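Read in order, the letters of the sequence shown correspond to residues 14 to 253 in the working numbering.
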Amino acid sequence: MSPIPKQAGDGSGFAVPKIRLEIRNLSDAGAASFLRAVHATDLLTSATLNVLRWLYASPSSPTTTVPPTRSVTLILRDMDGVAYTTGSDLDNDHKEVHFSTRYIAAIGPDRVAHEITGVVTHELVHCFQYDAFGTCPGGLIEGVADWVRLNCGLSPPHWKREAGGKWDGGYQHTAYFLEYLEGRFGEGTVRRLNEKLRIQKYDEKTFWVELLGEHVTKLWEEYGEKLKDEKTVVVSKKDV
14 MSPIPKQAGD GSGFAVPKIR LEIRNLSDAG AASFLRAVHA TDLLTSATLN VLRWLYASPS
74 SPTTTVPPTR SVTLILRDMD GVAYTTGSDL DNDHKEVHFS TRYIAAIGPD RVAHEITGVV
134 THELVHCFQY DAFGTCPGGL IEGVADWVRL NCGLSPPHWK REAGGKWDGG YQHTAYFLEY
194 LEGRFGEGTV RRLNEKLRIQ KYDEKTFWVE LLGEHVTKLW EEYGEKLKDE KTVVVSKKDV
């Protein structure tokens, strides 16, 4: 069955919105694999609570504001890709997570529960995070989602810290950068970032300076230097 993700705090008081499961084809191999590997109610409930715990201090905290998401429907269907999240056609507070049964069917049996839980956790972040009124870089949106997945202990084996490219390359690339910022500037840094994305549009020239006191390009350079230093230490120890 599904692994138990790491939790942030005790999560007291968070309300889970209505959750639904829709399976388009019960005879699909991926759907069968999903049903064998995880208990859908437990998975969606625990993953939702973990997302809320990592993104928000508490339901009544004056420093973070939980969005008014009213329902989440996980839809298993045959499609290209892995998964995506969208608001319903009638009301954006009702979210849909579409998950490819083709992708699920291709996951090895030893990793299927862990990977399903990781993907669902990532997509649920999109149901509860803020996006600066549609102006936030896509790489940061995806990075926050993978940062939550990372902190839930659900990273897949191919993930690694990399300093090349741009800071907003997205997914685990940006997630590890956010983890560095969380460590450097203190617990709750990503929560403050998410809250800032709730109240204003994104302007890279001012956003990071207001949040952390430095421009993001400078922070990215410092992160890269830290990774180089860590690599040097590892190599040096190996050579001794």
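Ideal placement from N, C-alpha and C gives every residue a C-beta, glycine not left out. Since the model is a prediction, treat every value here as computed from it, not as a measurement.
Three-state secondary structure assigned by DSSP to Y193: helix
Per DSSP, what kind of secondary structure is S59 in: helix, strand or coil? helix
Member of A70, K218, F112 and D106 whose CA lies at the smallest distance from the CA of E35: F112
Can you tell me which of S46, S84 and A53 puts its alpha carbon nearest to the alpha carbon of A28? S84
So, are the CB atoms of E128 and V110 less than 8 Å apart? no
N- and C-terminal bounds of the alpha helix (DSSP H) containing R124: That residue, R124, is in no alpha helix (DSSP H); it is neither H nor E in DSSP.
Can you tell which of L57, T61, G182 and D91 has the C-alpha that lies nearest to the C-alpha of A45? D91
Quick one: Cα of T202 to Cα of L39, how far? 42 Å
How many whole angstroms separate the CB atoms of L87 and V133, which I take to be in contact at a CB cut-off of 8 Å? 7 Å
Excluding the 5 residues preceding and the 5 following R115 in the sequence, name in chain order all residues of the same chain whose CB lies nearer than 8 Å to its CB. G43, D91, M92 and D93
Please go through the same chain and pick out, in chain order, the residues whose beta-carbon is closer than 7 Å to the beta-carbon of D216, but skip the five residues on each side of it. none
Measure the CB-CB distance between A176 and L232 and report whether it falls below 8 Å. no
Roughly how many angstroms separate the alpha carbons of I154 and L194, rounded to a whole number? 16 Å
Hey, would you say P72 sits closer than 8 Å to G26, going by beta carbons? yes
Pick from H186, V157, G178 and G182 that is closest to H171, judged by C-alpha positions: H186
Measure from the alpha carbon of D206 to the alpha carbon of each residue in L167, G121, P150 and P122, then state which is nearest. It is Leu, not Asp, that sits at residue 206 in the sequence shown. Nearest of L167, G121, P150 and P122 to L206, Cα basis: P150.
Residues in the same chain with beta-carbon distance under 6 Å from V157, minus the five sequence neighbours each way, listed in chain order, please. Q142
Is A96 helix, strand or coil by DSSP? strand
Thinking just about the alpha-carbon of each residue, which of K209, F198, G199 and D41 is nearest to the one in A119? D41
Given that a residue counts as buried once 16 or more other Cβ atoms are within 10 Å of its Cβ, and exposed if not, what is F146? exposed
Tell whether a beta-carbon distance below 8 Å holds between P30 and T78. no
List the whole-angstrom C-beta distance separating E200 from W160, where the pair is believed to meet the contact cut-off of C-beta under 8 Å. Not a contact, Cβ separation roughly 13 Å.
Under a Cβ-count criterion, where at least 16 other Cβ atoms within 10 Å of its own Cβ denotes burial, should H52 be classed as buried or exposed? exposed
Using a Cβ-Cβ cut-off of 7 Å (strictly less than) and excluding sequence neighbours within five positions of V253, which residues of its own chain qualify? For V253, the predicted structure reports a pLDDT of 42, less than 50, and the residue's modelled location is therefore unreliable. A value from the coordinates is still provided. Closer than 7 Å at Cβ, skipping near neighbours: no residue.
What residues match up with V85 in a beta bridge as DSSP calls it? I32 and K108
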